[in-house]
Amino acid sequence: MVMLFCAWARAGDFLEPEQAFQLQGELVDAHTVRLTWVIAPEYHLYRDRLSFNGGVGAPTLPAGLRKFDANFNKEMETYQNKLVVDLPVTAAAPFTLQVGYQGCADAGLCYSPASQSYRVDPAVPGKLTPAAPAAAPAVPVAQPSAAAPAAAPEDDSSLAQRTLQSGSAWRIGLAFLAFGLLLSFTPCVLPMVPILSSIIVGEGAVSRGRGFTLALAYSLGMALVYTSLGVAAGLAGEGLAGALQKPWVLLTFGALLVGLALSMFDVYQLQLPSGLQSRLSETSSGMSGGRFAGVFVMGALSALIVGPCVAGPLAGALLYISQTRNVWTGGWALFSMAAGMSVPLLLTGVSAGSLLPRAGAWMNGVKKVFGLLLIAVAIWMVSPVFPVTVDMALWGIFALLCAVFLHVFEPLQKGAELRAYVGKTLGLAFLLAGLFELTGAASAGRDVLQPLGHLSIARTDKPAAGDGGDVRFSRIKTAAELDRVLAASSTPVMLDFYADWCVSCKEMERFTFSKPEVAGKLKQVKLIQVDVTANNADDKELMKRFGLFGPPGIILFKAGKEIPDSRVIGFLAAEPFVQHLARHIDS
1 MVMLFCAWAR AGDFLEPEQA FQLQGELVDA HTVRLTWVIA PEYHLYRDRL SFNGGVGAPT
61 LPAGLRKFDA NFNKEMETYQ NKLVVDLPVT AAAPFTLQVG YQGCADAGLC YSPASQSYRV
121 DPAVPGKLTP AAPAAAPAVP VAQPSAAAPA AAPEDDSSLA QRTLQSGSAW RIGLAFLAFG
181 LLLSFTPCVL PMVPILSSII VGEGAVSRGR GFTLALAYSL GMALVYTSLG VAAGLAGEGL
241 AGALQKPWVL LTFGALLVGL ALSMFDVYQL QLPSGLQSRL SETSSGMSGG RFAGVFVMGA
301 LSALIVGPCV AGPLAGALLY ISQTRNVWTG GWALFSMAAG MSVPLLLTGV SAGSLLPRAG
361 AWMNGVKKVF GLLLIAVAIW MVSPVFPVTV DMALWGIFAL LCAVFLHVFE PLQKGAELRA
421 YVGKTLGLAF LLAGLFELTG AASAGRDVLQ PLGHLSIART DKPAAGDGGD VRFSRIKTAA
481 ELDRVLAASS TPVMLDFYAD WCVSCKEMER FTFSKPEVAG KLKQVKLIQV DVTANNADDK
541 ELMKRFGLFG PPGIILFKAG KEIPDSRVIG FLAAEPFVQH LARHIDS
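In this text, residue positions in the sequence shown follow UniProt numbering: the first is 1, and each later residue adds one.
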């Protein structure tokens with residue numbers, strides 16, 4: 001659960017397509033049309049789904065991020081944050097430029113293919129005005145059922161933006177203090193506690209006051225970095241919010257986390273360079289703040305390291321601050337967040353060693369646990385950069401490393417204590433998990449959580465796409481067909497929006513509709529399905545009617561009318577889906 005607080009994406013309030021992918025056109029000169037997409041955080045555009053027709057030549061597209069995409073069952077190249085495309089103008093007379101594109105939310109929702117038309121006159125440079133509305137539906141998403149994933153708590157970035165929009169300094173400060181406090185107990189920040197502990201322990205016998213002062217210096221170093229980010233966002237404008245998500249940034253900080261983990265394994269001693277340490281020692285002989293400067297620097301560095309990991313509220317705050325350019329609000333909000341993240345560090349310092357692990361085997365074990373935790377965060381941080389097979393291999397190696405530290409290859413001593421048997425059992429579990437992940441990576445697996453799922457033998461009686469086990473749907477194509485079915489049905493009706501490229505739709509088939517308890521419950525319901533793979537005019541009309549941006553979406557009807565609060569947007573597992581049906585159909 002703690003990983004939720006430093007996750008990049010979560011199913012939640014999905015943006016309208018025009019907000020997720022903001023497209024602007026400009027005629028730079030008589031020979032060049034420039035298209036710019038501003039892509040919201042936690043969303044991405046597909047290179048293969050871009051199209052340009054009418055009066056222009058082939059574009060030169062920038063390199064994107066390549067990764068296996070379960071929606072299309074192949075490796076896809078995607079763009080995040082911002083995409084700029086220059087098109088050579090080949091027509092001399094005015095023409096209509098048709099732009100096609102498709103994108104998805106990282107949380108799982110795929111938008112239907114969209115298009116935008118521009119009327120271009122090569123003799124009139126300047127901003128292009130859309131000739132027609134974008135083809136994707138622009139109706140706000142209706143509130144889904146509380147049982148649906150989309151009704152989960154608001155994601156960190158949107159909640160952070162909403163808090164900033166309130167305008168109240170006290171509310172902003174308290175809210176971001178709470179954000180920071182929650183983040184302080186995540187794997188992103190918690191490993192910094194033993195790092196600070198090693199610094200305080202290295203001071204020798206310290207009083208509570210000195211320990212607190214050292215921790216305060218460390219915390220102020222963190223606060224300075226976050227406050228600077230807030231101020232920079234206010235001054236720099238848009239673009240800073242996505243900077244911490246660039247591949248080179250993630251790889252750099254992932255390597256730093258691994259480096260910190262090595263210090264937990266006693267590969268090296270975590271301390272300042274000897275030259276700087278000597279200089280600070282000389283300074284400290286004349287003034288009491290010499291050592292605090294070194295601790296302050298360590299705190300600032302730790303803030304830079306964990307920055308990409310806490311990008312949920314951080315990205316939301318930076319995005320809003322960059323749009324409003326409110327320097328004071330930005331600095332205050334992120335200073336408050338840093339203060340919340342510092343609470344465990346200050347408690348560590350004020351204990352003056354009484355809460356710190358004592359020297360001995362137990363302390364070494366604690367250090368190794370935090371070291372492994374740092375490595376896990378590093379792998380998780382860089383996972384968006386690599387193909388899924390590399391991601392699986394990294395997790396497999398990590399699991400084997402855990403097994404080694406649990407002494408899985410060493411025999412149990414005669415008369416060993418219970419904890420030795422527990423450790424051996426956990427070690428064997430990690431060993432098996434590591435072997436499964438490495439096997440999945442070597443055989444082109446595509447799911448870290450199910451590394452061998454692609455090797456399972458296919459069912460001989462495999463249902464057609466969209467059927468889902470023993471659950472059989474009747475297909476409709478138009479709104480008129482839907483109205484006829486609703487008018488004629490004397491039982492509740494379930495309408496399912498499906499597409500071949502929708503991975504969550506296939507997950508519903510495989511993990512929800514295929515379960516006997518779900519199939520039994522659905523016998524009380526007339527099942528109809530609309531396949532929006534083609535995204536034709538009828539598909540768009542149906543999705544616009546119900547305010548959907550794309551599949552999956554399940555809507556329940558009774559007596560020809562939609563049951564209030566009964567929608568399921570996104571994947572829902574079998575047990576909660578049965579409860580959802582019972583709550584709305586049996587009532």
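For each residue, glycine too, the CB sits at the ideal point set by N, CA and C.
query: Thinking just about the alpha-carbon of each residue, which of A376, V568, L262, P17 is nearest to the one in Y43?; result: P17
query: Which residues in the same chain have their Cβ closer than 8 Å to the Cβ of L251, if we skip the five residues on either side of it in sequence?; result: V382, V385
query: Can you tell me where the beta strand (DSSP E) with Y268 in it begins and where it stops?; result: Per DSSP, Y268 belongs to no beta strand (DSSP E) and is neither H nor E.
query: My understanding is that A261 touches I375, with C-beta atoms under 8 Å, so please give their C-beta distance in whole angstroms.; result: 5 Å
query: Going straight from the alpha carbon of M76 to that of L45, what length do you get?; result: 10 Å
query: Could you tell me which residues DSSP puts in a beta bridge with D86?; result: R34
query: Can you look up I172 in the DSSP assignment and give me helix, strand or coil?; result: helix
query: So I555 is in the beta strand (DSSP E); what residue range does that whole segment cover?; result: 553-558
query: Would E481 pass as a contact of F571 if the rule is Cβ separation under 8 Å?; result: no
query: So R475 is in the alpha helix (DSSP H); what residue range does that whole segment cover?; result: R475 -> not in any alpha helix (DSSP H); beta strand (DSSP E) instead, spanning 474-476.
query: Kindly indicate the opening and closing residues of the alpha helix (DSSP H) around S263.; result: 247-264
query: Taking all protein chains shown into account, decide if Q579 is buried (16 or more other Cβ within 10 angstroms of its Cβ) or exposed.; result: exposed
query: With DSSP run on the structure shown, which of helix, strand or coil describes E507?; result: helix
query: Is G126 near the ligand NAP, with its Cβ less than 7 Å from a heavy atom?; result: Summarising the ligand content, the structure contains no ligands, and the ligand NAP is consequently not present.
query: Where E517 and I554 are concerned, what is the direct C-alpha to C-alpha distance, given to the nearest angstrom?; result: 18 Å
query: In angstroms, rounded to a whole number, what distance separates the CA positions of A442 and A92?; result: 54 Å
query: Using the three-state DSSP reduction, which class does A376 fall into: helix, strand or coil?; result: helix
query: Given this structure, state the Cα-to-Cα distance separating L400 from G371, to the nearest angstrom.; result: 14 Å
query: Evaluate A393 with the Cβ neighbour count: other Cβ atoms within 10 Å of its Cβ, from every protein chain shown; 16 or more gives buried, anything less gives exposed.; result: buried
query: Can you have a look at D539 and say buried or exposed, based on whether 16 or more other CB atoms are within 10 angstroms of its CB?; result: buried
query: From the DSSP output, in three-state form, read off Q19 for me.; result: helix
query: Our contact map puts G349 next to A215 with C-beta atoms below 8 Å; I'd like the distance itself, whole angstroms only.; result: 2 Å
query: Per DSSP, what kind of secondary structure is L563 in: helix, strand or coil?; result: Residue 563 is actually Ile in this sequence, not Leu. Reduced to three states, the DSSP call for I563 is coil.
query: Per DSSP, which one or two residues make a beta bridge with F52?; result: V99
query: For the alpha helix (DSSP H) that contains K540, what are its first and last residues?; result: 537-545
query: Three or more C-beta pairs closer than 8 Å, one from the segment 116-125 and one from the segment 80-92: is that the case here?; result: yes
query: How many Å lie between S228 and G340 at the Cα?; result: 17 Å
query: Can you tell me the Cα-Cα spacing of P137 and M543, whole angstroms?; result: Bear in mind that the predicted position of P137 carries a pLDDT of just 40, short of 50, making it unreliable; the figure below should be weighed with that in mind. Near 7 Å, if we compare the C-alpha coordinates of M543 and P137.
query: Quick one: what does DSSP say A152 is sitting in, helix, strand or coil?; result: Note that A152 scores 35 on pLDDT, short of 50, meaning its location in the model is unreliable and no value can be drawn from it.
query: Would you say F335 and A217 are within 8 Å of each other, going by their C-beta atoms?; result: no
query: Between the beta-carbon of L412 and the beta-carbon of A420, is there less than 8 Å?; result: yes
query: Give a yes or no on whether the C-beta atoms belonging to A378 and L301 are separated by under 8 Å.; result: no
query: Going by other Cβ atoms of all chains shown within 10 Å of its Cβ, with 16 needed for buried, is F395 buried or exposed?; result: For the sequence presented, residue 395 should be read as Trp rather than Phe. Result: buried.
query: Measuring straight from C-alpha to C-alpha, what distance separates P62 and L109?; result: 25 Å
query: Under DSSP, the alpha helix (DSSP H) around Y421 begins and ends at which residues?; result: 418-442
query: Look at P387 and R66 and say whether their C-beta atoms are less than 8 Å apart.; result: yes
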